[in-house]
Structure formats: C-alpha cells, structure tokens
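> Which chain is which? The protein sequence lines are A and B, in order. Residues in the first sequence are numbered from 4 upward in steps of one, following this note's numbering. Residues in the second sequence are numbered from 4 upward in steps of one, following this note's numbering. The beta carbon of each residue, even a glycine, is placed where N, CA and C say it ideally should be. Values in this document were obtained by computation on a predicted structure and should not be read as measured data. There's a structure below that I have some questions on.
2 protein chains.
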Amino acid sequence: MATSAERGRRVRSRLLQAAAVLVAEQGWNAVSTRMVAERAGVAPGLVHYHFASLPALLAEAAVQVMEGVVDGADQALSQARTAAQALELMLADLDRYPGDDPASRLVSEAMLAASRDEGLRAAMAGLLDRFRTRLGDRLAAQGVPDPRRTAAVLAAALDGMMLHRTLDPELTSTAVAPVLGRLLQDGTPDTGQEGHR
Amino acid sequence: MATSAERGRRVRSRLLQAAAVLVAEQGWNAVSTRMVAERAGVAPGLVHYHFASLPALLAEAAVQVMEGVVDGADQALSQARTAAQALELMLADLDRYPGDDPASRLVSEAMLAASRDEGLRAAMAGLLDRFRTRLGDRLAAQGVPDPRRTAAVLAAALDGMMLHRTLDPELTSTAVAPVLGRLLQDGTPDTGQEGHR
DNA sequence: GTTCGCCTTGGACGAGCGCCCAAATTCAGG
DNA sequence: CCTGAATTTGGGCGCTCGTCCAAGGCGAAC
Numbered sequence: 004m005a006t007s008a009e010r011g012r013r014v015r016s017r018l019l020q021a022a023a024v025l026v027a028e029q030g031w032n033a034v035s036t037r038m039v040a041e042r043a044g045v046a047p048g049l050v051h052y053h054f055a056s057l058p059a060l061l062a063e064a065a066v067q068v069m070e071g072v073v074d075g076a077d078q079a080l081s082q083a084r085t086a087a088q089a090l091e092l093m094l095a096d097l098d099r100y101p102g103d104d105p106a107s108r109l110v111s112e113a114m115l116a117a118s119r120d121e122g123l124r125a126a127m128a129g130l131l132d133r134f135r136t137r138l139g140d141r142l143a144a145q146g147v148p149d150p151r152r153t154a155a156v157l158a159a160a161l162d163g164m165m166l167h168r169t170l171d172p173e174l175t176s177t178a179v180a181p182v183l184g185r186l187l188q189d190g191t192p193d194t195g196q197e198g199h200r
Numbered sequence: 004m005a006t007s008a009e010r011g012r013r014v015r016s017r018l019l020q021a022a023a024v025l026v027a028e029q030g031w032n033a034v035s036t037r038m039v040a041e042r043a044g045v046a047p048g049l050v051h052y053h054f055a056s057l058p059a060l061l062a063e064a065a066v067q068v069m070e071g072v073v074d075g076a077d078q079a080l081s082q083a084r085t086a087a088q089a090l091e092l093m094l095a096d097l098d099r100y101p102g103d104d105p106a107s108r109l110v111s112e113a114m115l116a117a118s119r120d121e122g123l124r125a126a127m128a129g130l131l132d133r134f135r136t137r138l139g140d141r142l143a144a145q146g147v148p149d150p151r152r153t154a155a156v157l158a159a160a161l162d163g164m165m166l167h168r169t170l171d172p173e174l175t176s177t178a179v180a181p182v183l184g185r186l187l188q189d190g191t192p193d194t195g196q197e198g199h200r
C-alpha cells in the first residue's frame with residue numbers, strides 16, 4: 004500500500020486547495036462538487052470518495068487555510084520587539100493584496116458559514132482564541148492596558164477593515180495605523196467615559 | 004389607476020421584506036425565488052414581474068434595510084452630547100440581539116455579495132461614506148483627533164465585532180467599550196509608534 | 001357593458017445540483 | 001500471473017433552480 008494511497012492523499016489535498024480558492028472567488032454557497040473536481044483536475048465522483056459531503060469539504064478546506072494564516076501571524080508576532088511593531092506587522096497583511104485578497108475573503112465567507120454550521124463554528128472559535136491569546140500576551144509584555152480585551156478588539160477591527168476595504172480601497176494600513184496606535188497607549192479615559200447609563 | 008397598482012406596490016414591498024429576512028437567516032446565495040415568494044405569501048411567478056432578476060431583488064432589499072440602519076444610527080448620533088456617549092449608543096446596537104442579529108447578518112452577507120456585484124458595491128460604498136461622515140463630524144466636534152480616519156476605523160471595528168460575536172458571545176459592549184474609549188482620546192503616541200520601518 | 005391596463009397565476013423549460021454506485025483501473029504482495 | 005484492496009471513472013437518480021409565458025382576474029374609464 005504505497006503509490007495508490009499516496010496519490011490518493013495528493014488528490015485529496017488538491018481538492019482541499021481547489022475548494023479554498025473557489026470559496027474565495029465564488030462564495031461559500033456558490034461552490035459545487037463539480038466545480039471543485041474540475042478545478043482540481045479530477046473526476047466529479049472523487050469528491051464524495053474523499054469527503055463525506057460538500058459542506059464537510061468546504062469546512063475542512065477553510066479551517067486548513069485559516070490555521071496557516073494564524074500560524075503565520077503567530078510567527079510574525081514573535082519577531083516584533085514593540086507593540087507598535089506588532090501592530091505594523093498585522094497591518095502589513097492588510098496591504099499585501101490589492102483589492103481582493105483570497106485569504107481574507109475566505110475568512111469572511113467562513114465566518115458567515117460558521118453561523119450555520121456548529122462544527123465549523125467550534126473550530127473557528129478555537130483559532131480565534133489562539134490568535135487573541137498570542138496577540139494579548141505580546142501586548143501585555145509591552146505594557147498595553149487590558150491586553151486580552153484589546154487583542155479581541157484589534158482582531159475584530161482587522162477583520163472588519165478587510166471587509167470594508169472591498170467598499171473603500173483607500174482604507175490602507177497607513178491610513179489606519181495612527182488611529183489604531185491610540186489603542187496601545189496606557190490611556191486614562193477622560194472623555195466622559197461611563198456616563199453611568 | 005388605484006386599487007390594482009396599490010396592491011401591486013404592497014406585494015412588491017412584502018417581497019423585499021421577505022428577501023431581507025431570508026438573506027439573513029439562510030445566506031445570500033441560498034435564497035431562491037420560490038422561497039421568497041412563499042414567505043411573502045404570493046405566487047412564484049410574481050418575483051420576476053416586480054423585479055428584473057433574483058440578484059436585483061436581493062440587492063434592493065439589502066440596500067433598503069441598510070439605509071434604515073444608517074438613518075437610525077444618524078438619528079441616535081445626533082442625540083449624543085459627548086463622543087463617549089456616541090460610542091455607547093453605537094455599541095448598544097451590538098447588544099440589542101442575543102446571538103444572531105438579523106440586521107447585522109444581512110450587512111455581512113451584503114458586504115460579501117458586493118464584492119461580486121458592481122452596483123451593490125457602489126450603493127454600499129455610498130452608505131458607508133455617509134455613516135463615516137456623520138460619525139466623523141460628531142467626533143470632530145468633541146475634539147477627537149483625526150476624526151475622519153477614526154470614524155472609518157470605528158465603523159470597521161463595529162462590523163468586525165458583529166462578525167466575531169458569532170464565534171464569541173462574550174464579546175459584548177461592556178467588554179469592548181473601555182478599549183474603544185482609548186480611540187477617542189487625544190493621545191500623543193509614545194508606545195514607540197512609527198519606528199520608521 | 002365593454003374595453004383597457006395592470007396584476008396575478010401556475011406550470012413548462014433546460015440546466016445544474018448533491019449524492020450514489022457498478023464497473024474499470026492500478027499496483028504491491030503472494 | 002493472480003489476488004485483493006485502494007483509487008478512479010462516468011453516468012444515473014430525483015430534485016430544485018432562475019426564468020419565462022400564455023391565460024385568467026379585476027378594478028377604472030368610457
């Protein structure tokens with residue numbers, strides 16, 4: 004049992020990659036088994052040999068890509084020496100692609116799909132928690148106040164800006180970096196914060 | 004020309020409302036003409052009498068709902084007396100619904116659909132610009148630095164947090180308000196900001 | 001009462017869908 | 001060469017899809 008199984012594994016991984024690309028460019032619910040098979044260069048029937056169902060294939064493909072994204076961010080974060088540098092590194096990802104980054108589109112599609120798929124939601128919640136923890140640790144080491152919550156807000160803001168960039172290409176890292184930098188200060192709120200109700 | 008045309012207008016508006024609800028609960032690409040017709044209580048063929056195509060119906064429904072959301076936010080904003088109060092008002096929307104707010108889901112779905120529909124993108128870009136301008140003016144009046152960009156970041160952060168709330172129900176307004184409050188300070192960056200490269 | 005417009009009905013059309021499966025292919029081990 | 005397990009093929013199943021359209025209803029105008 005060697006060559007046969009090995010080729011099988013390769014086909015399986017090609018299907019996963021094709022599925023991830025197609026979700027990004029067509030949308031989660033617009034991807035069909037036949038499209039994935041054609042993109043991967045295999046016969047249509049193979050999809051249901053390697054995967055239990057189409058949703059299962061899409062979920063596995065999305066989780067795989069997103070694990071890569073989080074791992075990449077982890078690694079980049081570990082090289083940052085200041086909180087501001089860490090912020091810059093995260094924002095650099097924002098500019099990496101001109102208008103329609105496949106990876107960030109996949110994340111957005113998966114986020115919406117997760118609200119209708121319990122298993123996918125659990126997997127993504129785990130990834131989000133891992134990312135927040137890593138970023139929060141980094142922020143704490145730099146004296147940023149309320150690091151855990153700040154990391155949660157930063158993560159959400161990054162995803163939100165990736166979404167908004169579709170509508171406004173000028174939402175670049177240089178435009179938002181000075182604003183987000185304010186999040187990293189050890190500010191004492193005196194804007195009238197907490198008007199009680 | 005009275006009763007007949009008037010009933011027609013009512014049917015049209017029922018179709019729009021049904022479409023908006025269905026997009027939120029099933030996803031943009033999972034909504035079919037027959038589903039919308041059934042939900043609106045009319046015959047299937049009526050959809051293509053009142054609308055040119057299914058995507059046209061969905062886009063019009065989404066834009067209509069989102070105009071209402073922005074108008075509501077505008078009005079709420081105009082009653083805020085401080086920047087912190089304005090922030091609180093925006094965040095209150097975040098908590099209004101337990102886990103799956105139909106309106107915010109619709110916004111997210113529309114944002115992704117807009118990346119594949121030029122007309123929808125233009126309409127949403129206009130709405131986003133209007134919201135940012137209103138919020139930016141409000142922030143400027145309160146002495147918040149870089150108000151326009153801060154408004155853009157705040158808007159993106161709000162959308163991002165609505166997305167992330169699907170994965171983490173604990174991402175409530177009380178958890179993020181103190182962090183976002185830092186955005187409203189007139190902070191001088193001394194976290195090492197702008198390490199030049 | 002007849003004509004005229006708009007609104008409405010319900011079904012037809014071809015296409016594509018997810019999933020399934022019997023038969024063909026491949027190849028290491030006997 | 002043969003066996004047997006894994007992989008691959010291509011087409012079939014029942015279904016839903018978006019769109020279209022001929023035919024019917026129905027109130028207003030004359």
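Figure out for me which residue from A:A106, A:A126, A:L183, A:M164 has the closest Cα to the Cα of D149 (chain B).
In the second sequence, residue 149 (chain B) corresponds to position 146, counting from 1. Here the closest residue by C-alpha is A:L183.
> What separation, rounded to the nearest whole angstrom, lies between the Cα atoms of R201 (chain A) and D77 (chain A)?
This structure gives no information on residue 201 (chain A), because the portion of chain A shown stretches from 4 to 200.
> Which residues, taken in chain order from the stretch 163 to 174 of chain A, show a beta carbon closer than 7 Å to some beta carbon of chain B?
G163, M164, L166, H167, T169, L170, D171, L174
> For the alpha helix (DSSP H) containing R124 (chain B), name the first residue and the last one.
Taking the first residue of the second sequence as position 1, residue 124 (chain B) is located at position 121. Unbroken alpha helix (DSSP H) run through R124 (chain B): 121 to 144.
> Can you look up S111 (chain A) in the DSSP assignment and give me helix, strand or coil?
Counted from its first residue, the first sequence places residue 111 (chain A) at position 108. Of the three classes helix, strand and coil, the one that applies to S111 (chain A) here is helix, per DSSP.
> What residues from chain A crowd round R17 (chain B), counting only those whose CB sits closer than 9 Å?
Looking up residue 17 (chain B) in the second sequence gives position 14. Near R17 (chain B) there are no residues of chain A at all, since even the closest Cβ is about 24 Å away, more than 9 Å.
> For V50 (chain B) and P181 (chain B), what's the separation of their Cα atoms in angstroms?
Position 47 of the second sequence, counting from 1, holds the residue named residue 50 (chain B). Position 178 of the second sequence, counting from 1, holds the residue named residue 181 (chain B). Their backbone Cα atoms lie some 47 Å apart in a straight line.
> How long is the line joining the alpha carbons of P47 (chain A) and P172 (chain A), rounded to whole angstroms?
For the purposes of this step, residue 47 (chain A) is taken as the residue at position 44 of the first sequence. For the purposes of this step, residue 172 (chain A) is taken as the residue at position 169 of the first sequence. P47 (chain A) and P172 (chain A) have their C-alpha atoms some 38 Å from each other.
> Can the beta-carbon of A158 (chain B) be found less than 9 Å from the beta-carbon of H53 (chain A)?
Here residue 158 (chain B) is taken as the residue at index 155 of the second sequence, counted from 1. Here residue 53 (chain A) is taken as the residue at index 50 of the first sequence, counted from 1. For A158 (chain B) and H53 (chain A), no; Cβs fall outside 9 Å.
> To be precise: take each residue of the stretch 143 to 155 of chain A, compare its Cβ to all Cβ atoms of chain B, and keep it if any distance is under 9 Å. Which residues remain?
Answer in chain order: Q145, G146, V147, P148, D149, R152, T153, A155.
> Using a Cβ cut-off of 9 Å (strictly closer), state whether D77 (chain A) contacts chain B.
Residue mapping note: residue 77 (chain A) aligns to position 74 of the first sequence, counting from 1. Interface annotation, D77 (chain A): not in contact with chain B, CB-CB separation never under 9 Å.
> Does the stretch 107 to 121 of chain B touch the stretch 59 to 68 of chain B, meaning 3 or more C-beta pairs lie closer than 8 Å?
yes
> Between the stretch 129 to 143 of chain B and the stretch 81 to 93 of chain B, do three or more beta carbon pairs fall short of 8 Å?
yes
> Based on Cα-Cα distance, which residue from B:L109, B:L161, B:L19 lies nearest to V26 (chain B)?
Taking the first residue of the second sequence as position 1, residue 26 (chain B) is located at position 23. Of the listed residues, the one whose Cα sits closest to V26 (chain B) is B:L109.
> Quick one: list the residues of chain A neighbouring V182 (chain B), beta-carbon separation under 7 Å, in chain order.
On the second sequence, residue 182 (chain B) is found 179 positions in, with the first residue counted as 1. The answer, in chain order, is D149, R152, T153, V156, L186.
> Taking the straight line between their C-alpha atoms, what separation do you get for R10 (chain A) and L60 (chain A)?
Within the first sequence, numbered from 1, the residue matching residue 10 (chain A) stands at position 7. Within the first sequence, numbered from 1, the residue matching residue 60 (chain A) stands at position 57. Approximately 18 Å, taken between the alpha carbons.
> Apart from the five residues on each side of it in sequence, which residues of its chain come closer than 6 Å, Cβ to Cβ, to W31 (chain A)?
Within the first sequence, the letter at position 28 stands for residue 31 (chain A). Same-chain partners within the cutoff: E112, A116.
> Grab me the residues of V14 (chain B)'s own chain with a C-beta within less than 8 Å of its C-beta, minus the 5 sequence neighbours each way, in chain order.
By 1-based counting over the second sequence, the position of residue 14 (chain B) is 11. The answer, listed in chain order, is A43, V45, L49, H53.
> To which residues of the same chain is R164 (chain B) closer than 8 Å at the C-beta, ignoring the five residues directly before and after it?
The residue labelled residue 164 (chain B) in the question sits at position 161 within the second sequence. Here residue 164 (chain B) is Met; the residue named in the question, Arg, does not match the sequence. Once the five neighbours on either side are set aside, the close Cβ partners of M164 (chain B) are L97, L174, V179.
> Given E41 (chain B), which residues of its chain have a CB within under 7 Å of its CB, disregarding the five upstream and five downstream residues?
Looking up residue 41 (chain B) in the second sequence gives position 38. Answer for E41 (chain B): no residue qualifies.
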